[in-house]
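Protein sequence lines correspond, in order, to chains C and R. Here the first sequence is numbered in this note's numbering, starting from 1 and rising by one per residue. Here the second sequence is numbered in this note's numbering, starting from 1001 and rising by one per residue. Below you'll find the structure, written out as structure tokens, and then a few comments.
Protein chains: 2
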Amino acid sequence: MSYKVLIVEDLQELLEAMSDFYREKGAGLWEVVTASDGKDALAKVAGNDFDLMILDIMLPGASGFDICKAARSKGDCPIIFVTALGSENSILKGYETGCDDYVVKPFSLKQLYAKSLGLLKRAKKNQDSDLLSCGSISLNKRTMLVKVNDREVSINAKEYFLLVYLLENKNSVLTRRAILERVWKDDLDVTDRVVDTAIRRLRDNLGEASGQIKTVIGRGYRLTEE
Amino acid sequence: MSYKVLIVEDLQELLEAMSDFYREKGAGLWEVVTASDGKDALAKVAGNDFDLMILDIMLPGASGFDICKAARSKGDCPIIFVTALGSENSILKGYETGCDDYVVKPFSLKQLYAKSLGLLKRAKKNQDSDLLSCGSISLNKRTMLVKVNDREVSINAKEYFLLVYLLENKNSVLTRRAILERVWKDDLDVTDRVVDTAIRRLRDNLGEASGQIKTVIGRGYRLTEE
DNA sequence: TTTCCCGTGTCACACTCGTGTCACATCGAT
DNA sequence: ATCGATGTGACACGAGTGTGACACGGGAAA
Chain C
1 MSYKVLIVED
11 LQELLEAMSD
21 FYREKGAGLW
31 EVVTASDGKD
41 ALAKVAGNDF
51 DLMILDIMLP
61 GASGFDICKA
71 ARSKGDCPII
81 FVTALGSENS
91 ILKGYETGCD
101 DYVVKPFSLK
111 QLYAKSLGLL
121 KRAKKNQDSD
131 LLSCGSISLN
141 KRTMLVKVND
151 REVSINAKEY
161 FLLVYLLENK
171 NSVLTRRAIL
181 ERVWKDDLDV
191 TDRVVDTAIR
201 RLRDNLGEAS
211 GQIKTVIGRG
221 YRLTEE
Chain R
1001 MSYKVLIVED
1011 LQELLEAMSD
1021 FYREKGAGLW
1031 EVVTASDGKD
1041 ALAKVAGNDF
1051 DLMILDIMLP
1061 GASGFDICKA
1071 ARSKGDCPII
1081 FVTALGSENS
1091 ILKGYETGCD
1101 DYVVKPFSLK
1111 QLYAKSLGLL
1121 KRAKKNQDSD
1131 LLSCGSISLN
1141 KRTMLVKVND
1151 REVSINAKEY
1161 FLLVYLLENK
1171 NSVLTRRAIL
1181 ERVWKDDLDV
1191 TDRVVDTAIR
1201 RLRDNLGEAS
1211 GQIKTVIGRG
1221 YRLTEE
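Structure below.
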């Protein structure tokens, strides 16, 4: 498993120094992509999914801010700005456009690298806690998208929260009461049987993965890997 | 009750300092097992069930990652990595392989010890009070899953609650009356003999562990370790 | 506003499967 | 050997669950 990093810098020597550092230091951890002008950078942002971007602000073609905006409209990978000494207002603008960190020239490669790892770890943690999966079912709590075998499926609100609860407790048997208390919360003046109906509709929408929801007679339901 | 900790470190002095610290500090709380190379560590992981592992990453024989993977494939005991200063990518990789925490050399033993206790407490919380076991039978009250020799078996509702009662009173003789009052609760207008039937069905489903339910003629049933 | 549609709760019916009961076989104690 | 206690197979009933249909209500579209 390697992480894809985009480094954008017009000063050729610095660009090489940085990319070499990432290639060597990580020992295979990084896949480095470089660009030395704004247009090239924008094209590469559009055509790839990066795990990290390091953007110089002053660039020919397009500014680092433009690239940042383009990246943000596409995803939310961590971005570090590289800025010249004394241009603090640039930094401010950088945070506005949504960068995660910045370094001021001249900077040490080691320091930049440390920041990279920190951001990456944070991003990973966030993703992990947002991403639920079990067998062929995966669910992203942030985007609220549900996929079965990487194909997107659409489900309704109640089914969604029910699925989240099932995923958060996969392999456990969940009683109707527990499900009611978690998914229906306040409107507890409903029949136990609504759970059955919700499960049915969820199974319908899950299609081929419907078998992963097992009925445990007398006790409740259970989501299994297969 | 003591906790079994595996400490793997090739630097002899450090290894001794750590193991001494755990032995003295815990005052009997810890059973310390040590290894100073990868091969030895892997053998000890395979041959024991640990409650905690502290793994150096750089080792002769096999890396801490390898040991971590081996441990993960076996169970989910908490793992703390010990890494040298400046090797942040190791930390990242550690989180990927599934470590729970890490310390960077040089570290204070006190700090490491605090992390240990924290992880242990967290792990305990997940297991304890929910887990019942007797001989080759284990039952998780939270997930409602029953295992015999680590193989999952499926049982029905009545059998499940009967087994819970048996497990909560293992080695005791339980009369039919007591079982009826606990497992059948309200529907007490049934024959004593339903217990026999329930026991029979439970034995069937427990398979190789069926012998653990002993009949005590004239009094009732009793769950034994073997 | 009105109209329509979609999400959701409820009911009715069908059916599976768990469970209680009985009859008979077997076991064990005296 | 005898008798009470327990194991075992079979069976029938009913609880628990799947499923289709419908009604209600809120939000979107006209």
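A virtual CB, placed ideally from N, CA and C, is assigned to each residue, including glycine.
Own chain partners of residue i with C-beta closer than 8 Å, once the 5 adjacent residues on each side are dropped
{"i": "A1178 of chain R", "result": "G1220"}
{"i": "V1045 of chain R", "result": "L1006, M1053, I1067, A1070, A1071 and K1074"}
{"i": "V216 of chain C", "result": "V173 and R222"}
{"i": "Y113 of chain C", "result": "F21, Y22 and K25"}
{"i": "K1214 of chain R", "result": "Y1221, R1222, L1223 and T1224"}
{"i": "E181 of chain C", "result": "L188"}
{"i": "L1119 of chain R", "result": "L1052, P1078, I1080, D1100 and D1101"}
Top-ranked residue by Cα proximity to residue i, from the options
{"i": "C1134 of chain R", "options": "R:G1211, R:A1035 and R:I1054", "result": "R:G1211"}
{"i": "Y1003 of chain R", "options": "R:A1071, R:P1078 and R:S1136", "result": "R:P1078"}
{"i": "D1051 of chain R", "options": "R:V1216, R:I1080 and R:G1207", "result": "R:I1080"}
{"i": "E168 of chain C", "options": "C:N140, C:W30, C:I155 and C:S154", "result": "C:N140"}
{"i": "N1048 of chain R", "options": "R:F1161, R:E1024 and R:T1034", "result": "R:T1034"}
{"i": "E225 of chain C", "options": "C:V148, C:L117 and C:D130", "result": "C:V148"}
{"i": "A62 of chain C", "options": "C:E9, C:V32, C:Y102 and C:F21", "result": "C:E9"}
{"i": "L1015 of chain R", "options": "R:L1109, R:R1201, R:A1123 and R:L1042", "result": "R:L1109"}
{"i": "T175 of chain C", "options": "C:D196, C:D187 and C:Y160", "result": "C:D196"}
{"i": "S138 of chain C", "options": "C:L163, C:L120 and C:L117", "result": "C:L163"}
{"i": "K170 of chain C", "options": "C:E181, C:W184, C:V194 and C:S136", "result": "C:S136"}
{"i": "D150 of chain C", "options": "C:Q12, C:G207 and C:D76", "result": "C:G207"}
{"i": "E1152 of chain R", "options": "R:R1182, R:A1209 and R:E1013", "result": "R:A1209"}
{"i": "P106 of chain C", "options": "C:R201, C:A84 and C:I213", "result": "C:A84"}
{"i": "Y102 of chain C", "options": "C:D130, C:L131, C:K121 and C:F65", "result": "C:F65"}
{"i": "R1203 of chain R", "options": "R:Y1160, R:R1182, R:L1117 and R:Q1111", "result": "R:Y1160"}
{"i": "D130 of chain C", "options": "C:L29, C:L120, C:L119 and C:M144", "result": "C:M144"}
{"i": "M58 of chain C", "options": "C:W30, C:D76, C:L29 and C:V104", "result": "C:V104"}
Exposure of residue i, with buried meaning 16 or more beta-carbon neighbours within 10 Å
{"i": "V1173 of chain R", "result": "exposed"}
{"i": "K1115 of chain R", "result": "buried"}
{"i": "A157 of chain C", "result": "exposed"}
{"i": "R142 of chain C", "result": "exposed"}
{"i": "G218 of chain C", "result": "exposed"}
{"i": "A1043 of chain R", "result": "exposed"}
{"i": "V82 of chain C", "result": "buried"}
{"i": "V190 of chain C", "result": "exposed"}
{"i": "A198 of chain C", "result": "buried"}
{"i": "L188 of chain C", "result": "exposed"}
{"i": "E286 of chain C", "result": "For residue 286 of chain C there is no data in the structure shown, the boundaries of chain C being 1 and 226."}
{"i": "D192 of chain C", "result": "exposed"}
{"i": "D1186 of chain R", "result": "exposed"}
{"i": "D56 of chain C", "result": "buried"}
{"i": "D100 of chain C", "result": "buried"}
Close Cβ partners of residue i (< 6 Å) along its chain, the five nearest in sequence each way excluded
{"i": "M1018 of chain R", "result": "I1007"}
{"i": "I155 of chain C", "result": "V146 and N205"}
{"i": "L1166 of chain R", "result": "L1223"}
{"i": "T1132 of chain R", "result": "Note that residue 1132 of chain R is Leu in the sequence shown here, rather than Thr. Closer than 6 Å at Cβ, skipping near neighbours: L1139 and L1167."}
{"i": "D1040 of chain R", "result": "none"}
{"i": "A123 of chain C", "result": "P78"}
{"i": "R1201 of chain R", "result": "E1159"}
Own chain, CB closer than 7 Å to residue i, minus 5 neighbours either side, in chain order
{"i": "P1060 of chain R", "result": "D1010, D1037 and G1038"}
{"i": "W1184 of chain R", "result": "V1190"}
{"i": "V1230 of chain R", "result": "Because chain R here runs from 1001 to 1226, residue 1230 of chain R falls outside it and cannot be looked at."}
{"i": "L1029 of chain R", "result": "S1002 and Y1003"}
{"i": "Q111 of chain C", "result": "V103"}
{"i": "D76 of chain C", "result": "none"}
What residues from the segment 1153-1175 of chain R come within 9 Å of chain C, judged by C-beta to C-beta, listed N to C? Hits within the stretch, in order: S1154, N1156, A1157, K1158 and Y1160.
Which full runs of the beta strand (DSSP E) of 3+ residues lie inside the segment 98-171 of chain C, going along the chain? Within the segment 98-171 of chain C, the complete beta strand (DSSP E) runs of at least 3 residues are 101-104, 131-134, 137-140, 145-148 and 151-153.
Output, in sequence order along the chain, the residues in the segment 201-218 of chain C whose CB is closer than 8 Å to any CB in chain R. So the close ones are V216, I217 and G218.
What are the residues of the segment 1042-1063 of chain R that lie near chain C, defined by any Cβ-Cβ distance shorter than 8 Å? When C-beta distances to chain C are compared with 8 Å, every residue of the segment 1042-1063 of chain R stays at or above that value.
Report the start-end ranges of each alpha helix (DSSP H) in the segment 31-74 of chain C that is 4 residues or longer and not cut off at the edges. Complete alpha helix (DSSP H) runs here, min 4: 38-47 and 64-72.
With 9 Å as the C-beta to C-beta threshold (strictly closer), list the residues of the segment 1002-1025 of chain R near chain C in chain order. So nothing in the stretch comes that close.
Using a Cβ cut-off of 9 Å, which residues of the segment 1136-1151 of chain R contact any Cβ in chain C, in chain order? Residues passing the 9 Å Cβ filter: N1140, R1142, T1143, M1144 and L1145.
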